[in-house]
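Quick note, the sequences are listed as chains Z and Y, same order. Using the working numbering, read the first sequence as starting at 1 and increasing by one per residue. Using the working numbering, read the second sequence as starting at 1001 and increasing by one per residue. Backbone N, C-alpha and C define an ideal beta-carbon position, used for all residues, glycine too. Below is one structure; the comments refer to it alone.
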Amino acid sequence: MPLDPSFVGRTWPPTEPYLVGREKIREFARAIGADNPEYHDPEAARAIGYPDVVAPPTFPTVVTMAAGTRIIDDPELGLDYTRVVHGDQSFVYTRPVVAGDALVCVSTVEEISQRGGHDFITTRTDVTTESGEPVVTAWSKLVQRGEDGR
Amino acid sequence: MSDTLAPQTYRVTRADLIRYAGASGDFNVIHWSDRLASRVGLPGVIAHGMYTMALVGRAVTTWAGAADAVVEFSVRFSRPVPVPDTDEGTQVEVSGVIKEVTGDGLTRVAITATCGGEKVLSMASAAIRKR
Chain Z
1 MPLDPSFVGR TWPPTEPYLV GREKIREFAR AIGADNPEYH DPEAARAIGY
51 PDVVAPPTFP TVVTMAAGTR IIDDPELGLD YTRVVHGDQS FVYTRPVVAG
101 DALVCVSTVE EISQRGGHDF ITTRTDVTTE SGEPVVTAWS KLVQRGEDGR
Chain Y
1001 MSDTLAPQTY RVTRADLIRY AGASGDFNVI HWSDRLASRV GLPGVIAHGM
1051 YTMALVGRAV TTWAGAADAV VEFSVRFSRP VPVPDTDEGT QVEVSGVIKE
1101 VTGDGLTRVA ITATCGGEKV LSMASAAIRK R
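Here is the structure:
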């Protein structure tokens, strides 16, 4: 079943703020083996001008994944998650995520297409602070593989 | 920085995937169960795409020499990274070439990531700016 094309252009209401904890950033940095002191030590982060530890570049996925779930779990869209693989991922950063940020996500479906028996959906998630300061924008393209198993 | 950036090699084991699942909140079964991964046509457990991207992010950060220098970062996941249940796991190699240095100090890097000699990403790139 193709994805519902009427989802293109739809924007979802802002998520509840995600409060970024220092220990969560440290945990994420440890999990990817990133030992830059600015990810772990608040003093090191302050030395380069941030109020607390900064997050590695792909950390925003922790925050945006929940926002994306609201879209892909919508039965009206018609996505079968067991056939979904991650196609593309992009980030454009205004600044790194910093511990203490309360981040709000607004997600929009930018594109739905079909090619070679597969379905594609691209969502953009604008991540800002509660007061509206832009932090990062993430684009995620998911591929729903054709039902014939190609 | 020279035009060709020093290749970075990262070992990936099942334990790394378990730790990443916990830290990221991505508990998709294909990243920890051979049984359930093979049920959906995969050769076995594969790394999270976002884990591979995170390793590439480490490489870019290393090349930049600053934890906060990445201003744009983009990848296409072209092939899965199978992670066998062995002590050695597998290995991801990340290399980069500087494509452009703009007048306002933005460095654009084209990135290649391979596993077992096969490219696992395509159209991977980053832009770096010293803040």
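request  = Leaving out five residues on either side along the sequence, give the residues of the same chain with a beta carbon under 8 Å from the beta carbon of residue 1061/Y.
outcome  = 1067, 1069 and 1070
So, residue 45/Z versus residue 107/Z, is the Cβ gap smaller than 8 Å?
no
### Message
Please tell me whether residue 1072/Y has its Cβ less than 8 Å away from any Cβ of chain Z.
### Response
yes
One question on the structure: do residue 1133/Y and residue 1024/Y come within less than 8 Å of each other, judged by their Cβ atoms? The question about residue 1133/Y has no answer, for chain Y in this structure spans 1001 to 1131.
### Task
Please confirm whether residue 56/Z and residue 28/Z have their CB atoms less than 8 Å apart.
yes
Reducing DSSP to helix, strand and coil, say where residue 107/Z ends up. strand
- Task: With residue 1054/Y as the anchor, note down where its alpha helix (DSSP H) starts and where it stops.
- Result: 1049–1064
Review point. Can you find a C-beta in chain Y that's less than 8 Å from the C-beta of residue 125/Z?
Key: no
Report task. Kindly indicate if chain Z contains any beta-carbon less than 8 Å away from that of residue 1026/Y. Result -> yes
(request) Give the interface partners of residue 89/Z over in chain Y, defined as CB-CB distance under 9 Å, in chain order. (result) 1049, 1050, 1053, 1073, 1074, 1075, 1076 and 1077
- [ ] Pair every Cβ in the region 1052–1060 of chain Y with every Cβ in the region 63–78 of chain Z, then say whether three or more of these pairs are closer than 8 Å.
- [x] no
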